[in-house]
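S.K.: Each residue of the sequence shown is one higher than the one before, counting from 37 in the numbering used here.
Backbone N, C-alpha and C fix where the C-beta goes; we use that ideal spot for every residue, glycine too.
Got a structure for you, questions after.
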Amino acid sequence: MKNILMATDFSQAASNAAAYGVELAKTMNARPILFSACEHALVPASEIAVVIRREELQDQVQQQLAEDARMLAAIHDQPVFTCCHTGPAHTALLAAIREQQADILIAGMKNKRKVKHRLIGSTVSSWIGKLPIPMIIVPENIPFAYIAKIALAQAINKNNTAEADEHVLIALRELGERFHAQLYFVRIGANNLPGADELIRPPASLASLLETPAPHFEYITGTDVAASLTQYIEDNNINLLAIMPHRHGWFERMFIQSTTRSMVLDCPVPLLILPPSQSSPAHRHATNMVQEQLENSIA
């Protein structure tokens with residue numbers, strides 16, 4: 037993990053996530069990069085006015101980025117770099133990931149009580165499953181803490197298989213090794229899943245990829261998976277919750293779309309969203325978007 041990209045809209049939640057990212061970069065001996073997208077304002081009638089408006093907006097964003105980077109560097113005694121791209125948040129982010137060779141993205145999430153007023157929060161939610169790199173979503177009021185315990189939540193399917201490859205698990209493995217963290221496998225299944233008791237242990241392929249010694253195993257069932265996960269996190273003093281991507285069968289679809297988004301808003305600890313498998317349509321889509329954005333910027 038060499039380059040950590042930290043997305044900001046200059047809100048309190050984003051500032052907290054940036055501080056988390058800088059501290060993580062110090063621990064991982066990585067380069068922290070503060071990123072913001074510069075979206076165009078409403079287009080005036082005059083083409084000259086359009087150019088001025090865009091240049092002014094980009095200058096303002098870059099100045100704010102530079103100021104925030106200076107403050108973060110002073111507080112955390114760590115150099116902080118900046119990156120700004122013009123365009124919609126998602127395409128600008130993909131361009132930044134490619135340009136900076138980012139290994140992981142850090143983003144903030146506002147308190148759920150402020151959800152109606154969040155900006156970066158709704159944007160962050162839209163990035164789930166659409167990025168070629170992992171993303172850590174940091175709750176607004178959660179500061180950086182030593183990652184002693186990591187829980188990996190994974191939906192169970194009938195064949196007890198996992199859509200995992202080394203690309204997906206690199207970040208999780210690196211974090212575990214750097215922090216000497218204890219890993220908890222949390223399997224999630226429907227109440228009526230036949231033979232669920234036999235599916236608690238993760239697939240051998242997943243365990244071998246993680247190379248984790250003596251992991252703990254837990255099996256969670258029920259209709260309110262998010263609430264069960266939250267309770268498990270609190271009971272076991274988990275510092276980071278990781279969510280494993282899956283193909284979208286019925287239960288996986290429920291898990292990804294419902295549980296993941298619920299955890300984004302309600303998770304009491306930072307949430308690591310692992311990227312899609314390199315063989316999945318979602319990963320190919322994200323890769324294609326990066327290439328298209330790069331070609332457009334060159335044109």
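The beta strand (DSSP E) that contains residue 121, what's its start and end?
M.R.: Here the beta strand (DSSP E) through residue 121 covers 117 to 122.
S.K.: Within this structure, are the beta carbons of residue 44 and residue 54 separated by less than 7 angstroms?
M.R.: Yes, Cβ-Cβ distance for residue 44 and residue 54 is below 7 angstroms.
S.K.: Can you tell me whether DSSP reads residue 88 as helix, strand or coil?
M.R.: Summary for residue 88: the model assigns pLDDT 48, below 50, so the residue's position carries little reliability; its value from the coordinates is reported in the next sentence. DSSP places residue 88 in helix when its eight states are reduced to three.
S.K.: Mind checking whether residue 140 and residue 169 have CB atoms under 7 angstroms apart?
M.R.: It is a contact, given that the beta carbons lie within the stated cut-off.
S.K.: Secondary structure at residue 334, three-state DSSP: helix, strand or coil?
M.R.: Unreliable positioning characterises residue 334 in this predicted model, as indicated by a pLDDT of 44, which lies under 50. The coordinate reading is nonetheless provided below. Helix at residue 334.
S.K.: Let me check understanding here. Comparing Cα to Cα, which of 118, 111 and 108 lies closest to residue 101?
M.R.: When only C-alpha atoms are compared, the closest one is 118.
S.K.: Residues bridged to residue 208 by DSSP?
M.R.: Paired residue(s): none; residue 208 is not in a bridge.
S.K.: If the criterion is Cβ atoms closer than 7 angstroms, does the pair residue 49 and residue 146 meet it?
M.R.: Yes, they are a contact pair.
S.K.: Looking at the strands, I want to know which residues DSSP matches up with residue 100.
M.R.: Bridge partners of residue 100: none, in fact.
S.K.: For residue 24 and residue 171, which I take to be in contact (beta-carbon distance under 8 angstroms), what is that distance rounded to the nearest angstrom?
M.R.: Residue 24 lies beyond the range of the chain shown here (37 to 335); nothing can be said about it.
S.K.: On the criterion of 16 or more Cβ atoms from any shown chain inside 10 Å, does residue 34 qualify as buried, or is it exposed?
M.R.: Nothing can be reported for residue 34, as the shown portion of the chain is limited to 37 through 335.
S.K.: Nearer than 6 angstroms: is that true of the beta carbon of residue 310 relative to any heavy atom of the ligand SAM?
M.R.: Although the ligand SAM was asked about, the structure shown includes no ligands whatsoever.
S.K.: Taking the straight line between their C-alpha atoms, what separation do you get for residue 123 and residue 257?
M.R.: Roughly 42 angstroms separates the two Cα atoms.
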